[in-house]
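Trainee: Quick note on this note's numbering: the sequence shown kicks off at 586 and runs consecutively. For glycine and all other residues, C-beta sits at the position ideal for the given N, C-alpha and C. Just so it is clear, the structure is predicted and the values come from calculations on it, not from any experiment.
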Amino acid sequence: MTARHAIVIGAGAGGLAAGIDLARSGFRVTMLERAATPGGKMHMREVDDRAVDGGPTVLTMRSIFEQLFSDAGARLSDRLTLTQSPVIARHAWSHGGTLDLYPDLTRSRQCIEAFAGSEDAAGFERFYSQSARIHRALAETFMAAPKPNPMTLVGRVLRQHHPSSLIAARPSPNLWQALGQFFSDERLRQLFARYATYVGSSPLSAPATLMLIAHVELEGVWLVEGGMHRLAKALATLGQELGIDLHLNTHVNEVLVKKGRAAGVRLEDGTVLPADVVVFNGDTDALATGQLGSEVMRAVKPRPRQKRALSALTWCIKGNSSGFELDHHNVFFESNYPSEFSTIFSEREVPTKPTVYLCAQDRGPNGSLNGSERLLMLVNAPADGDTNTWSEDKVARTRDNALAVLERCGLNLIFRDSNCVSTTPTDWHGRFPGSGGSLYGGASHGIWSSFTRPGARSRLKGLYLSGGSVHPGPGVPMAALSGRLAASAVLRDIG
Ligand SMILES: Cc1cc2nc3c(=O)[nH]c(=O)nc-3n(C[C@H](O)[C@H](O)[C@H](O)COP(=O)(O)OP(=O)(O)OC[C@H]3O[C@@H](n4cnc5c(N)ncnc54)[C@H](O)[C@@H]3O)c2cc1C
């Protein structure tokens, strides 16, 4: 019997995971990636001959990758060196205070007590047990399972857990308000509200269930030796060992439809490749807006611009820092957090005093500082990359505003302009077609938002979906899970 042929469009985390599962299940897999390297958002930029991670830097849920590798007969630890970060993140406020969070509740509690007093330390304990409860209720029933509707989710939770878990799992608005029940110090509310931005959303509109991210981080934030882009490389290598035929620099122009089902693809150069199934790993809005042909537009619902998740402005830097002891993950806050989100989501601008994330990639347990250091600086931005252009002046102004936040927190960065490589929402949009620069698909705004992402099966037979814009949502581990869910849907349908 000849093997069934699956084409995977895109070698991001979701595409790679789908390809690996299909290849080990006996499919012939062709993977078509428009970029020059696999990994999608997991990528690095060369800055003065040094590789700086330009995408994700916070790796959680290690077990998802361990399982993916072991199901394919390999061991993650043979391919990558992962070290648990002893500090989850270092936080600083321009109006005063620094606070480290640890993957150790007792230690974090003590720090919070010293930072904000005993009431908030008790609130912190309550917050973490609530976060663990939500995680327990949703990990297997929502995150690792096919897209549910609210009723099927209730059924799954009741089958697997005590009925009281339903209270933890219920989608309640909104994260910012919910945090007020645990913390009186606004800075702590701000710190934990930031989890909404991990899925590209505003804490003022995102459901409080996102608290579960606190538990996920407590289980471990991992540092990948050599950088996160090595994870992409390890996944691609595993896929190729299983027989995936990976073509880089290969843009797919069209998904072909025959007799009402996806039947292959047409490449930019006109080459036609037939297939039994197609798995799409790009932003689903590329399908909805006709960028893969008019026949597949109906495969998913279009996403209005206002419903896009956050984009970002990032700078990959080689430079020197002084005045503030950086850890690997650092977050610098200004006051008035809510205004940041109204500026981004309503005024569609980047705030002049943004929250700044800084990943100091040579710091951490195995880091070695050797003169200058590699940094990724990130501020959130509206996903208007398809309608707004970013002039050099505007990028420079935004960068200076971010540097000013760092300075107010005591940190000075010094670097040459030539050692600072920026990426704007317009650049992201160029790299991820159909996204408008959104890095996380649709925003998780409103209590039902988790149910509105497309699932693994599109509305077009034979066309499956994986990636951060698909259930269970964005983030490297989630996107990998979506790929696994797409592969298992294929196997169930035609395998
Ligand atoms: C700056 C930044 C920071 C982030 N920080 C974190 C973090 O710390 N932790 C975390 O877990 N997540 C983080 N994320 C989010 C995370 O990176 C993504 O959710 C995840 O990597 C998305 O994977 P994906 O499967 O959706 O594929 P993507 O990474 O979106 O890749 C899709 C691939 O499809 C290709 N493609 C699209 N259309 C076509 C076509 N027509 N033909 C051929 N190829 C095509 C693209 O070139 C791309 O390579 C961050 C993202 C960014 C950008």
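Tell me the residue span of the beta strand (DSSP E) that contains S1029.
Mentor: Looking at the DSSP string, S1029 is not in any beta strand (DSSP E), and its letter there is neither H nor E.
Trainee: How would you label E919, buried or exposed, when you count the other beta carbons within 10 angstroms and need 16 or more for buried?
Mentor: E919 is buried by the Cβ-count criterion.
Trainee: Does the Cβ of F650 lie closer than 7 Å to at least one heavy atom of ligand 1?
Mentor: False, no ligand heavy atom lies under 7 Å from that Cβ.
Trainee: Contact defined as beta carbons within less than 8 Å: I believe G812 pairs with M646. What is the distance between those atoms, to the nearest angstrom?
Mentor: No, G812 and M646 are not in contact; Cβ-Cβ is about 18 Å, not under 8 Å.
Trainee: In chain order, what residues of the same chain have a beta carbon less than 6 Å from the beta carbon of Y922, not counting five sequence neighbours either side?
Mentor: So the qualifying residues of the chain are Q775.
Trainee: Considering Cα atoms alone, identify which of V980, R1016, P1010 and L991 is closest to D1002.
Mentor: Among V980, R1016, P1010 and L991, the Cα nearest to that of D1002 belongs to V980.
Trainee: Can you tell me whether DSSP reads A674 as helix, strand or coil?
Mentor: The answer is strand: DSSP assigns A674 an E or B state.
Trainee: Pull the bridge partners of K1046 from the DSSP assignment, please.
Mentor: R846, per the DSSP bridge assignment.
Trainee: List the endpoints of the continuous beta strand (DSSP E) containing D870.
Mentor: Note, D870: premise wrong, no beta strand (DSSP E); alpha helix (DSSP H) at T869 to A873.
Trainee: Would you identify the three-state DSSP class for Q745, choosing helix, strand or coil?
Mentor: Helix.
Trainee: So is the beta-carbon of S790 under 7 Å away from any non-hydrogen atom of ligand 1?
Mentor: S790: no, Cβ never under 7 Å from ligand 1.
Trainee: For the alpha helix (DSSP H) that contains V1075, what are its first and last residues?
Mentor: Element bounds for V1075: V1061 to I1079.
Trainee: Give the straight-line distance between the Cα atoms of G563 and A602, rounded to the nearest whole angstrom.
Mentor: Residue 563 cannot be examined here, being either before or after the span of the chain that is shown, 586 to 1080.
Trainee: Are F727 and P1057 close, meaning C-beta to C-beta below 8 Å?
Mentor: Yes. Within cutoff.
Trainee: Assuming L895 and Y1025 form a contact by the criterion Cβ under 8 Å, report the distance between their Cβ atoms to the nearest whole angstrom.
Mentor: Rounded, the Cβ-Cβ distance is 6 Å, consistent with contact.
Trainee: Which of helix, strand or coil does DSSP assign to L778?
Mentor: For clarity, residue 778 is Ala in the given sequence; the question names Leu instead. DSSP places A778 in helix when its eight states are reduced to three.
Trainee: Mind checking who E839 pairs with in its DSSP beta bridge?
Mentor: E839 pairs with R851.
Trainee: Would you decide whether G1087 is buried or exposed? Buried here means 16 or more other CB atoms lie within 10 Å of its CB.
Mentor: Outside the shown range of the chain (586 to 1080) lies residue 1087, about which nothing can therefore be said.
Trainee: What runs of the alpha helix (DSSP H), each 4 residues or longer, lie entirely inside the stretch 691 to 747?
Mentor: Runs found: 703 to 723 and 735 to 745.
Trainee: What is the DSSP secondary structure of H590, reduced to helix, strand or coil?
Mentor: Three-state result, H590: strand.
Trainee: Examine ligand 1 and report whether any of its heavy atoms sits within less than 7 Å of the Cβ of M627.
Mentor: M627 Cβ: within cutoff of ligand 1.
Trainee: Output needed for N986: all residues of its chain with C-beta closer than 6 Å, excluding positions within five of it in sequence on either side, in chain order.
Mentor: Contacts found: T937.
Trainee: Quick one: any contact between the stretch 835 to 855 and the stretch 746 to 760, if contact means 3 or more CB pairs under 8 Å?
Mentor: Segments in contact, no.
Trainee: Look at the alpha carbon of L686 and the alpha carbon of T615, and state the distance between them as a whole number of angstroms.
Mentor: For L686 and T615, the distance between alpha carbons rounds to 43 Å.
Trainee: By DSSP, does N986 sit in helix, in strand, or in coil?
Mentor: Reduced to three states, the DSSP call for N986 is helix.
Trainee: Can you confirm whether the stretch 1031 to 1038 touches the stretch 901 to 917 when touching is taken to mean that 3 or more C-beta pairs between the two stretches lie within less than 8 Å?
Mentor: No, they do not touch.
Trainee: Find the nearest neighbour of G1052 within the set T622, G970, R609 and M627, judged by alpha-carbon distance.
Mentor: The option with the nearest alpha carbon to G1052 is M627.
Trainee: Have a look at G855, S786, Q669 and I829 and flag the residue whose alpha-carbon is nearest the alpha-carbon of E802.
Mentor: When only C-alpha atoms are compared, the closest one is Q669.
Trainee: Where are the beta strand (DSSP E) runs, 3 residues long or more, that stay fully inside the stretch 601 to 673, in chain order?
Mentor: Here the runs fully enclosed are 613 to 617, 629 to 632, 635 to 638 and 667 to 669.
Trainee: Give every residue of the same chain whose Cβ lies closer than 6 Å to the Cβ of D633, excluding the five residues on either side of it in the sequence, and list them in chain order.
Mentor: So the list reads K903 and N1004, once near-sequence residues are dropped.
Trainee: Between which two residues does the beta strand (DSSP E) harbouring E958 extend?
Mentor: E958 -> beta strand (DSSP E) spans E958 to A966.
Trainee: Under a three-way DSSP split, which group does F926 fall into?
Mentor: If DSSP states are grouped into helix, strand and coil, F926 belongs with the helices.
Trainee: So, under 8 Å CB-CB, T622 and L833 are touching, yes? Tell me the CB distance rounded to an integer number of Å.
Mentor: Right, the Cβ-Cβ distance comes to about 7 Å (below 8 Å), so this counts as a contact.
Trainee: Under the criterion of a Cβ to heavy atom distance below 7 Å, does P1059 qualify as lining ligand 3?
Mentor: The ligand content of the structure shown is limited to ligand 1, which means ligand 3 is not among them.
Trainee: Check each candidate in N866, E725, T782 and P792 and name the one with the smallest Cα separation from I649.
Mentor: Looking at the Cα atoms, E725 is the closest of the given residues.
Trainee: How would you call E910, buried or exposed, if buried means at least 16 neighbouring beta carbons within 10 angstroms?
Mentor: Label assigned to E910: exposed.
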